[in-house]
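Here the structure is laid out as structure tokens; the discussion comes afterwards.
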Amino acid sequence: MLRLSHEEPLSQPPLPQKYPQNSLNQLSFESNYRIICNHFLEFTRGRNLLKGQSLHAYVVKSGLHLIPLVCHHLINFYSKLQLPYSSERIFHETQFKSSTTWSSIISCFAQNELPFHGFEYFKLMRRNDEMIPDDYVLPCVMKACGMSNDQFMGKSVHCLAMKTGFDAHVFVGSSVVDMYAKCGSLGDARKVFSEMPERNVVSWSTMIYGYAQTGEDGEALRLFKAALWEGLDVNDFTFSSVIRVCGNSTWYALGKQMHSLCLKMYYYETSFVGSALISMYSKCGVIEDASRVFNEVSDINLGMWNAMMIAWAQHAHTRMVFELLEKMVNKGTKPNFITFLCILYACSHAGLVKEGKHYFAKMKDYGIEPGSQHYASMVDLLGRAGKLQEALELIEKMPMQATEAVWGAFLTGCRIHRNTELASSVADRVFELGHVSPGLHMLVSNAYAASGMFQEAARARKMLRDRGQKKEPGLSWVEEGNRVHTFAAGERRHELSSEIYRKLEELEKEVEHAGYVMDTTHVLREVGVEEKNESIRYHSERLAIAFALVTFPPERPIRVMKNLRVCGDCHVAIKYISKCTGRVIIVRDNNRFHRFENGECSCGDYW
DNA sequence: GTAGGGTTAG
Numbered sequence: 001m002l003r004l005s006h007e008e009p010l011s012q013p014p015l016p017q018k019y020p021q022n023s024l025n026q027l028s029f030e031s032n033y034r035i036i037c038n039h040f041l042e043f044t045r046g047r048n049l050l051k052g053q054s055l056h057a058y059v060v061k062s063g064l065h066l067i068p069l070v071c072h073h074l075i076n077f078y079s080k081l082q083l084p085y086s087s088e089r090i091f092h093e094t095q096f097k098s099s100t101t102w103s104s105i106i107s108c109f110a111q112n113e114l115p116f117h118g119f120e121y122f123k124l125m126r127r128n129d130e131m132i133p134d135d136y137v138l139p140c141v142m143k144a145c146g147m148s149n150d151q152f153m154g155k156s157v158h159c160l161a162m163k164t165g166f167d168a169h170v171f172v173g174s175s176v177v178d179m180y181a182k183c184g185s186l187g188d189a190r191k192v193f194s195e196m197p198e199r200n201v202v203s204w205s206t207m208i209y210g211y212a213q214t215g216e217d218g219e220a221l222r223l224f225k226a227a228l229w230e231g232l233d234v235n236d237f238t239f240s241s242v243i244r245v246c247g248n249s250t251w252y253a254l255g256k257q258m259h260s261l262c263l264k265m266y267y268y269e270t271s272f273v274g275s276a277l278i279s280m281y282s283k284c285g286v287i288e289d290a291s292r293v294f295n296e297v298s299d300i301n302l303g304m305w306n307a308m309m310i311a312w313a314q315h316a317h318t319r320m321v322f323e324l325l326e327k328m329v330n331k332g333t334k335p336n337f338i339t340f341l342c343i344l345y346a347c348s349h350a351g352l353v354k355e356g357k358h359y360f361a362k363m364k365d366y367g368i369e370p371g372s373q374h375y376a377s378m379v380d381l382l383g384r385a386g387k388l389q390e391a392l393e394l395i396e397k398m399p400m401q402a403t404e405a406v407w408g409a410f411l412t413g414c415r416i417h418r419n420t421e422l423a424s425s426v427a428d429r430v431f432e433l434g435h436v437s438p439g440l441h442m443l444v445s446n447a448y449a450a451s452g453m454f455q456e457a458a459r460a461r462k463m464l465r466d467r468g469q470k471k472e473p474g475l476s477w478v479e480e481g482n483r484v485h486t487f488a489a490g491e492r493r494h495e496l497s498s499e500i501y502r503k504l505e506e507l508e509k510e511v512e513h514a515g516y517v518m519d520t521t522h523v524l525r526e527v528g529v530e531e532k533n534e535s536i537r538y539h540s541e542r543l544a545i546a547f548a549l550v551t552f553p554p555e556r557p558i559r560v561m562k563n564l565r566v567c568g569d570c571h572v573a574i575k576y577i578s579k580c581t582g583r584v585i586i587v588r589d590n591n592r593f594h595r596f597e598n599g600e601c602s603c604g605d606y607w
């Protein structure tokens, strides 16, 4: 029978159903579960599985696992220890699921690289009318979208966020920016970023990182400056992105400035900055500085080991790579899949086929399944060493579809060893991948051209043009003072052009006298001998070197950066130039460093 | 309780 409430005194409200009705009084109960949460955080940080599991047992016995926050910590604990299915079990054992529980499980799958599981749970959650995807759930789903490069899913979740108004939330907004950036839609990312009502250091860093990832280094730097202007408290994350930009564009002077800025802001010791600095200095060709950063840091983590290994490998100090691996294992750091990429990279660039195969097989001992990238490295290793048939057999045996990188490595091997037949025989299979990158497209086209199939080559080039894509123009650049001087083959736009060309003619006589003979087999177009000579004589790296010879003081090493591979003829020519001029010339192409000194190159002519 | 990370190939 219904009675009016004022007719009887209000009784004590019952404990909400979601809390266990046990003997604990409310107060001790509250304090108890907070302590438990802190313990879980501690065990998660320390990756202490045993302690976490015993606490888990205690929590279940006392019924505390029914509290959403405790449940979150449980899920999070197993998630961080890379046991997503344990997290999933806990999720299902929880009767009362709040938005915390849902966001925890979705985030767990996103963290453990199982984005599609995350989507499934998101869909499951949407079937429950009472559950609203709020500002905690949406970022987790966005993360899964970014991870799987699923822009379609990302867009629809973004729409949902806009419809519910949660897009105005800074966490949601930042995750949307990240999602578009990861899916390669920098324009959309920037639009969302600009329209965010509130931005914090994560939003800015995400946007900067997005530009850094897609190679829009100038824009990344402009945004970083804008962030400083806004008085934003930039952190180590922001710095690692900007330092990476300096490395990609080989802005050595700027990189050093960032380094000192880090020192001033006490961000130096943090790991991400450390590894970013190592790879920046290495990419700028200053291996000494990279090594100094590595040696100065007391707490070396996995990323720094990896970055330093790549650095030694890039500079052809292969022995150092193996030494570092040994030291790393002795210190108790377990190599990961990136470590093996570093090692295979080192082997491939030194022509160490036996060692490469050894480490490729050894991966399984560390519980790491070779991914497509490792296969690409192995194909690269075999291809460079001339074992093209073996490389092709490895591709056939791959448990996954051969990627662009794999075919790229194979075709590069074919080009180095001038096996045009094999190259043109796989060309069609490369185009089966659909729209491949301009770089790979040119490899295919060049493979046709080199085997005399000029019509096919022209058709491949036309395909690229029709798609509105252009082959990347070959550029070389040199840093001088605060300026970067960029050169393209045969151009005469630089203000010192006449001096540069005069210097080149002078050099040509000198090196020919020393024994240099021009080799035009690297020119892959159907042109006359004169034109071939002309196009090779003024390759961009030669212009850049000539510029440095004209302007640099005699003792200064010449550092030239190039975005494409150095051609065989230039490599020979630069060796002679270093001998005739007595200068140290360091050339970084898109592949590795060449240190020319006294007529020799550090790569040992193997690249 | 939720969002951002290091590495390679061409």
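If you read the first sequence in UniProt numbering, its first letter stands for residue 1, the second for the next number, and so on. Glycine residues also receive a C-beta, built at the ideal position from the N, C-alpha and C atoms.
| Between the C-alpha atoms of residue 609 and Val584, what's the straight-line distance to the nearest angstrom? | With the chain covering only 1 through 607, there is no way to say anything about residue 609.
| Considering Trp477, what are the terminal residues of the beta strand (DSSP E) in which it resides? | Where Trp477 is concerned, the enclosing beta strand (DSSP E) stretches over Leu475 to Glu480.
| field | Sub-8 angstroms separation of Asp380 and Ala423 beta-carbons | value | Remark: C-beta atoms of Asp380 and Ala423 do not approach each other more closely than 8 angstroms.
| query | Asn590 by DSSP, collapsed to three states: which one? | reply | Three-state result, Asn590: coil.
| query | If you drop the 5 nearest sequence neighbours on each side, which residues of the same chain put their C-beta closer than 6 angstroms to that of residue 608? | reply | Nothing in the structure corresponds to residue 608, since the chain is present only between 1 and 607.
| Less than 8 angstroms separating the beta-carbons of Ile558 and Ile586? | Contact: yes.
| said: Using a Cβ-Cβ cutoff of less than 6 angstroms, which residues in the same chain neighbour Tyr281 once the five nearest sequence positions on both sides are dropped? | reply: Only Asp289 and Ala290 meet the Cβ criterion.
| Range of the contiguous alpha helix (DSSP H) that encloses Arg483 | Arg483 -> not in any alpha helix (DSSP H); beta strand (DSSP E) instead, spanning Arg483 to Ala488.
| query | Which value, in whole angstroms, describes the spacing of the CA atoms of Cys414 and Ser348? | reply | One alpha carbon belongs to Cys414, the other to Ser348, and they sit about 15 angstroms apart.
| At which residue ranges does the region 206-286 contain complete beta strand (DSSP E) runs of 3 or more residues, listed in the order of the chain? | Within the region 206-286, no complete beta strand (DSSP E) run reaches 3 residues.
| query | When the Cα atoms are used, what is the spatial distance from Glu393 to Glu432? | reply | Across the structure, Glu393 and Glu432 are spaced so that their CA atoms are roughly 19 angstroms apart.
| Status (buried if at least 16 other CB within 10 Å, exposed otherwise) for Phe340 | Under a 10 Å Cβ-count criterion, Phe340 is classified as buried, with 16 or more other Cβ atoms of the shown protein chains found around its own Cβ.
| field | Identified DSSP bridge partners for Val560 | value | Partner(s): Val478 and Val587.
| said: So, at 7 angstroms on beta carbons, what are the nonlocal neighbours of His259 in its own chain, with the 5 sequence-adjacent residues on each side left out? | reply: Excluding sequence positions up to five before and after His259, its CB lies within less than 7 angstroms of the CB of Leu277, all in the same chain and listed in chain order.
| message | On the DSSP bridge list, what partners appear for Ala595? | response | Note that residue 595 is Arg in the sequence shown here, rather than Ala. DSSP lists Ile586 as partners of Arg595.
| field | Every unbroken alpha helix (DSSP H) within the region 306-362, with a cutoff of 4 residues, ordered by chain | value | Runs of the alpha helix (DSSP H) inside the region 306-362: 318-330, 337-350 and 353-362.
| request: Assign Ile132 to one of two classes, buried (16 or more other C-beta atoms within 10 Å of its C-beta) or exposed (fewer than that). | output: It counts as exposed.
| Any idea if Arg47 is buried or exposed, counting beta-carbon neighbours within 10 angstroms, 16 or more meaning buried? | So Arg47 ends up on the exposed side.
| said: Using only CA atoms, which one of Tyr33, Ser86, Leu74 and Ile67 lies nearest to Gln95? | reply: Taking the Cα of Gln95 as reference, the smallest distance to any Cα among Tyr33, Ser86, Leu74 and Ile67 is reached at Ile67.
| Helix, strand or coil for Cys601 per DSSP? | Under the three-state reduction of DSSP, Cys601 is assigned to strand.
| For the ligand SAM, any of its heavy atoms closer than 7 angstroms to the Cβ of Phe322? | Ligands are entirely absent from the displayed structure, and the ligand SAM is therefore not among its contents.
| field | CA-to-CA distance, Ser241 to Cys603, given in whole angstroms | value | Straight through space, the alpha carbons of Ser241 and Cys603 are spaced by roughly 30 angstroms.
| task | Tell me whether Lys155 sits in a helix, a strand or coil according to DSSP, three-state version. | result | If DSSP states are grouped into helix, strand and coil, Lys155 belongs with the helices.
| task | Quick one: measure Cβ to Cβ for Phe40 and Phe77, integer angstroms, because I've assumed they're closer than 8 angstroms. | result | Between Phe77 and Phe40 the Cβ distance is about 5 angstroms, and since that is below 8 angstroms, they are a contact.
| request: Measure the alpha-carbon distance for Glu499 versus Leu382 and round it to whole angstroms. | output: Rounded to the nearest whole angstrom, the CA to CA distance from Glu499 to Leu382 is 44 angstroms.
| Leaving out five residues before and five after Cys580 in sequence, what residues of the same chain have Cβ atoms less than 8 angstroms from its Cβ? | Apart from sequence neighbours up to five positions away, the residues of its chain that approach Cys580 with a beta-carbon distance below 8 angstroms are Leu507, Glu510, Val511 and Ala514, ordered along the chain.
| query | Roughly how many whole angstroms lie between the Cα atoms of Leu263 and Glu600? | reply | Spanning the two alpha carbons is a distance of roughly 38 angstroms.
| With a Cβ-Cβ cutoff of 8 angstroms, do Ala450 and Arg418 count as a contact? | Here Ala450 is near Arg418, since their CB atoms are less than 8 angstroms apart.
| field | Coil, strand or helix - Ala514 by DSSP | value | It is coil, neither helix nor strand.
| Of the residues Leu352, Leu543, Lys155 and Thr420, the one placed nearest His494, counting alpha carbons only | The shortest Cα separation from His494 among Leu352, Leu543, Lys155 and Thr420 belongs to Leu543.
| query | Taking the C-alpha atoms as reference points, what is the distance between His65 and Pro139? | reply | In a straight line, the C-alpha of His65 is about 24 angstroms away from that of Pro139.
| Can you name the start and end residues of the alpha helix (DSSP H) that Gly146 belongs to? | That run of the alpha helix (DSSP H) goes Val137 to Met147.
| field | Stretch-stretch touch, CB-based, cutoff 8 angstroms, three pairs: the region 238-255 with the region 210-220 | value | Contact between the region 238-255 and the region 210-220 is present: three or more C-beta pairs spanning the two stretches fall below 8 angstroms.
| query | Taking Cβ positions, are Lys182 and Asn149 nearer each other than 8 angstroms? | reply | Yes, Cβ-Cβ distance for Lys182 and Asn149 is below 8 angstroms.
| said: Mapping the DSSP letters down to three states, classify Trp607 as helix, strand or coil. | reply: In the three-state reduction of the DSSP assignment, Trp607 falls in the coil class.
| field | Boundaries (first-last residue) of the alpha helix (DSSP H) holding His56 | value | His56 -> alpha helix (DSSP H) spans Leu49 to Lys61.
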